[in-house]
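Participant: The structure is given below, and queries will be raised subsequently.
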Amino acid sequence: RKEVEQDPGPFNVPEGATVAFNCTYSNSASQSFFWYRQDCRKEPKLLMSVYSSGNEDGRFTAQLNRASQYISLLIRDSKLSDSATYLCVVNKMDSNYQLIWGAGTKLIIKP
Amino acid sequence: EPEVTQTPSHQVTQMGQEVILRCVPISNHLYFYWYRQILGQKVEFLVSFYNNEISEKSEIFDDQFSVERPDGSNFTLKIRSTKLEDSAMYFCASRVRLAGGPPTYNEQFFGPGTRLTVL
Numbered sequence: 002r003k004e005v006e007q008d009p010g011p012f013n014v015p016e017g018a019t020v021a022f023n024c025t026y027s028n029s030a031s032q033s034f035f036w037y038r039q040d041c042r043k044e045p046k047l048l049m050s051v052y053s054s055g056n057e058d059g060r061f062t063a064q065l066n067r068a069s070q071y072i073s074l075l076i077r078d079s080k081l082s083d084s085a086t087y088l089c090v091v092n093k094m095d096s097n098y099q100l101i102w103g104a105g106t107k108l109i110i111k112p
Numbered sequence: 098e099p100e101v102t103q104t105p106s107h108q109v110t111q112m113g114q115e116v117i118l119r120c121v122p123i124s125n126h127l128y129f130y131w132y133r134q135i136l137g138q139k140v141e142f143l144v145s146f147y148n149n150e151i152s153e154k155s156e157i158f159d160d161q162f163s164v165e166r167p168d169g170s171n172f173t174l175k176i177r178s179t180k181l182e183d184s185a186m187y188f189c190a191s192r193v194r195l196a197g198g199p200p201t202y203n204e205q206f207f208g209p210g211t212r213l214t215v216l
């Protein structure tokens, strides 16, 4: 099983739609979870940290299910500018927060 | 807003040559990292650095790689004898160390990357 696994994508959705990204991780002892966004040929940028209770930031909602080792990201009312690759990232336990990266899911928002 | 900077933005080199990639982390950060991303592939951890020594390194980070913090501000990655498969984007990141706290305290801030092309 991959350490961090995401939907392969790409997701092609119309502007205004709701998009859901799923991610699973293999190490049950992982403690920190993140969603990063990466534009083509740019550096990853933190979109959201994921809290155990779930958290929301405007149109973005992140959820964590520790029992299922599952993380999700929901984007509501998607905009053209949301087009990017979304990366699920988990810290590696017993390390100085070495980050383990999913392969990413590419999102294409169409007008 | 403070940011991580990297130079050069693009480095082209011949196979077998040495390259040094430079990074200036955010000034009050204590943990430093190098990651690489081969075109079309996922981001991969190379090495972490704290208190002037390597904390962890991946299998990718073999004897051809080294890191250094020569002057308290720069953080460098050296590849001694580049191979074709070293062609990738190399990202530097830094993190402030705080005891406990919410997950956001673990945020790593990334530089814009150096694109290394080995011919």
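Chain order of the listed sequences is A and B. Count the first sequence with this note's numbering and you get residues 2 to 112, in order. Count the second sequence with this note's numbering and you get residues 98 to 216, in order. For each residue, glycine too, the CB sits at the ideal point set by N, CA and C. None of these values were measured; they are calculated from a predicted model.
(1) For the beta strand (DSSP E) holding residue 110 of chain A, just list the boundary residues, first then last.
(2) At which residues does the beta strand (DSSP E) containing residue 117 of chain A begin and terminate?
(3) Does the region 165 to 180 of chain B come into contact with the region 114 to 130 of chain B, if we say contact requires no fewer than three beta-carbon pairs (one atom in each stretch) closer than 8 Å?
(4) Relative to the C-alpha of residue 117 of chain A, which residue among A:106, A:21, A:56 is closest?
(5) Quick test of your reading: residue 123 of chain B and residue 143 of chain B, contact by CB under 8 Å. State the CB separation rounded to the nearest angstrom.
(6) CA-CA distance, residue 18 of chain A and residue 77 of chain A?
(7) My understanding is that residue 126 of chain B touches residue 215 of chain B, with C-beta atoms under 8 Å, so please give their C-beta distance in whole angstroms.
(8) Using beta-carbon positions only, say whether residue 204 of chain B and residue 47 of chain A come within less than 7 Å of one another.
(9) List the DSSP bridge partners of residue 107 of chain B.
(10) Note the first and the last residue of the continuous beta strand (DSSP E) segment covering residue 92 of chain A.
(11) Give every residue of the same chain whose Cβ lies closer than 8 Å to the Cβ of residue 108 of chain B, excluding the five residues on either side of it in the sequence, and list them in chain order.
(12) Distance check for residue 92 of chain A and residue 71 of chain A, CA to CA, integer angstroms please.
(13) Could you list the residues in the region 98 to 111 of chain A with a C-beta less than 8 Å from some C-beta on chain B, going in chain order?
(14) What's the call for residue 135 of chain B, buried or exposed, on a 16-neighbour Cβ count within 10 Å?
(15) Rounded to the nearest angstrom, what separates residue 104 of chain A and residue 89 of chain A at their Cα positions?
(16) As a quick exercise: from B:185, B:131, B:207, B:99, pick the residue whose alpha carbon is nearest that of residue 110 of chain B.
(17) Distance check for residue 20 of chain A and residue 31 of chain A, CA to CA, integer angstroms please.
(18) With a threshold of 16 other CB atoms inside 10 Å of the CB of residue 45 of chain A, please say whether the residue is buried or exposed.
(19) Determine, for residue 44 of chain A, whether the minimum Cβ-Cβ distance to residues of chain B falls below 7 Å.
(20) Should residue 101 of chain A go down as buried or exposed, given a rule of 16 or more other Cβ atoms within 10 Å for buried?
(21) Going along the region 100 to 111 of chain B in order, which residues come within less than 7 Å of chain A, judged by CB to CB distance?
(22) Output needed for residue 5 of chain A: all residues of its chain with C-beta closer than 6 Å, excluding positions within five of it in sequence on either side, in chain order.
Facilitator: This is what the structure holds:
(1) Against the first sequence, residue 110 of chain A aligns to sequence position 109. Residue 110 of chain A -> beta strand (DSSP E) spans 106 to 111.
(2) Summary: the structure shown does not reach residue 117 of chain A, with chain A confined to residues 2 through 112, and so no result is reported for it.
(3) Yes: at least three Cβ pairs fall under 8 Å.
(4) Here chain A has residues from 2 to 112 only, and residue 117 of chain A is not among them.
(5) Here residue 123 of chain B refers to the residue found at position 26 when the second sequence is read from its first residue. Here residue 143 of chain B refers to the residue found at position 46 when the second sequence is read from its first residue. Contact doesn't hold; Cβ gap of about 19 Å is too wide.
(6) Start at 1 with the first residue of the first sequence, and residue 18 of chain A comes out as number 17. Start at 1 with the first residue of the first sequence, and residue 77 of chain A comes out as number 76. When rounded, the distance between both Cα atoms is 7 Å.
(7) Walking along the second sequence from the start, residue 126 of chain B turns up at place 29. Walking along the second sequence from the start, residue 215 of chain B turns up at place 118. Actually they are not in contact, since the Cβ atoms of residue 126 of chain B and residue 215 of chain B sit about 29 Å apart, beyond 8 Å.
(8) Along the second sequence, read from residue 1 onward, the residue named residue 204 of chain B stands at position 107. Along the first sequence, read from residue 1 onward, the residue named residue 47 of chain A stands at position 46. Their beta carbons are under 7 Å apart, which means residue 204 of chain B touches residue 47 of chain A by this criterion.
(9) By one-based count along the second sequence, residue 107 of chain B stands at place 10. In DSSP, residue 107 of chain B forms a bridge with B:212.
(10) Working through the first sequence from its first residue, we reach residue 92 of chain A at position 91. Start and end: 85 to 92.
(11) For the purposes of this step, residue 108 of chain B is taken as residue 11 along the second sequence, with counting starting at 1. Here the set comprises 116, 118, 211, 212, 213, 214.
(12) Sequence index remark: in the first sequence, residue 71 of chain A carries index 70 (1-based). Sequence index remark: in the first sequence, residue 92 of chain A carries index 91 (1-based). Each residue's alpha carbon lies about 14 Å from the other.
(13) 98, 99, 100, 101, 102, 103, 104, 105
(14) Counted from its first residue, the second sequence places residue 135 of chain B at position 38. Classification for residue 135 of chain B: exposed.
(15) Working through the first sequence from its first residue, we reach residue 104 of chain A at position 103. Working through the first sequence from its first residue, we reach residue 89 of chain A at position 88. If I take the Cα positions, the gap works out to 8 Å.
(16) Here the question's residue 110 of chain B lines up with position 13 in the second sequence. With respect to the C-alpha of residue 110 of chain B, the residue from B:185, B:131, B:207, B:99 having the closest C-alpha is B:185.
(17) If you number the first sequence from 1, residue 31 of chain A lands on position 30. If you number the first sequence from 1, residue 20 of chain A lands on position 19. The C-alpha of residue 20 of chain A is placed about 25 Å away from the C-alpha of residue 31 of chain A.
(18) Numbered from 1 along the first sequence, position 44 holds the residue referred to as residue 45 of chain A. Buried.
(19) By one-based count along the first sequence, residue 44 of chain A stands at place 43. Chain B, which has a Cβ nearer than 7 Å to the Cβ of residue 44 of chain A, makes this yes.
(20) Position 100 of the first sequence, counting from 1, holds the residue named residue 101 of chain A. Note on residue 101 of chain A: 16 or more other CB atoms within 10 angstroms of its CB, so buried under the neighbour-count rule.
(21) none
(22) As a first step, residue 5 of chain A is located in the first sequence; it is residue number 4 there, counting from the start. Closer than 6 Å at the Cβ level, and outside the excluded window around residue 5 of chain A, lie 26, 89, 91, 101, 103.
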